[in-house]
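First comes the structure, then the notes that go with it.
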Amino acid sequence: MSKQLAHEIRFGLIKACIWRNQTRSGNRHNVTVARLYLNGDTWKESTQFGRDDLPLLAKIVDLAHTWIYLHGNSSAETDEAE
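Following this line, the structure appears as structure tokens:
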């Protein structure tokens, strides 16, 4: 069973990563969301979101759902087709 990045959606400092998990019963998808921030000279990620992040977060999660719905049934899906 392997896990690989299938697609990434990013608006500004908010991003969603769609992961493809290959299982014995076929491909399944999971989504992780993060907010990027700069700590000194290093970019880091947080899974905490402020009030003003929520509308953008909702949009990104909706787009992630749509991407999985449209691409989730193909066993040979790749990000290069986008």
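Mapping to the numbering used here: the sequence shown position 24 is 38, numbers consecutive. Glycine included, C-beta positions come from ideal geometry on N, C-alpha and C.
- Of the candidates 20, 86, 57 and 46, 46 places its Cα closest to the Cα of residue 75.
- DSSP places residue 80 inside the alpha helix (DSSP H), whose first and last residues are 68-85.
- Note: residue 40 is bridge-paired with 37 in the DSSP secondary-structure output.
- With a threshold of 16 other beta carbon atoms within 10 Å, residue 57 falls short and is exposed.
- One Cα belongs to residue 81, the other to residue 59, and the distance between them is close to 23 Å.
- The C-alpha of residue 21 is placed about 21 Å away from the C-alpha of residue 68.
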